[in-house]
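Visitor: Per this note's numbering, the very first residue in the sequence shown carries number 1; after that it's consecutive.
C-beta atoms are modelled at their ideal positions from N, C-alpha and C, and glycine is treated no differently.
Here it is, the structure in full.
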Amino acid sequence: MNAIHTEILYFQRRLGATRAMADAAAGPCARRAHELLAQLYGEALAALSIEAAGLVVEPVLTLAVRSIRAAPRPRPIAHRPRLTLSLAS
């Protein structure tokens with residue numbers, strides 16, 4: 001069993017548990033949230049099953065000059081005087 005199959009088993013368990021939570025949800029908001037989460041788990045499961053079947057072709061990496069961005073430069077911070085307390089003597 002490889003990593004993809006392990007992930008598939010994990011997502012199958014999460015999908016089943018999430019559907020059970022959606023069925024047991026008290027309110028419509030909680031039910032909708034669990035249904036949406038179940039949908040996302042289902043999409044991840046479908047993508048993993050396609051990858052496990054070997055139908056995914058890795059894209060060819062190209063090195064385009066425009067895609068390489070320079071690291072952002074930090075803005076200079078102006079010097080501020082320190083605030084001190086003047087104690088009355």
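Excluding five sequence neighbours on each side, which residues of the same chain lie with their C-beta closer than 7 Å to the C-beta of GLU51?
Guide: For GLU51, where only same-chain residues beyond five positions count, the Cβ hits under 7 Å are ILE4.
Visitor: Around the Cβ of ALA46, are there at least 16 other Cβ atoms within 10 angstroms (buried) or fewer (exposed)?
Guide: So ALA46 ends up on the exposed side.
Visitor: Going straight from the alpha carbon of ALA91 to that of LEU9, what length do you get?
Guide: No answer is possible for residue 91: it lies beyond the span of the chain, which begins at 1 and ends at 89.
Visitor: Give the secondary structure of GLY27 by DSSP, where H, G and I count as helix, E and B as strand, and everything else as coil.
Guide: It is coil, neither helix nor strand.
Visitor: Which of the three DSSP states, helix, strand or coil, is assigned to GLY16?
Guide: If DSSP states are grouped into helix, strand and coil, GLY16 belongs with the helices.
Visitor: From PRO28 to GLU35, what does the alpha carbon distance come to, in whole angstroms?
Guide: Their backbone Cα atoms lie some 10 Å apart in a straight line.
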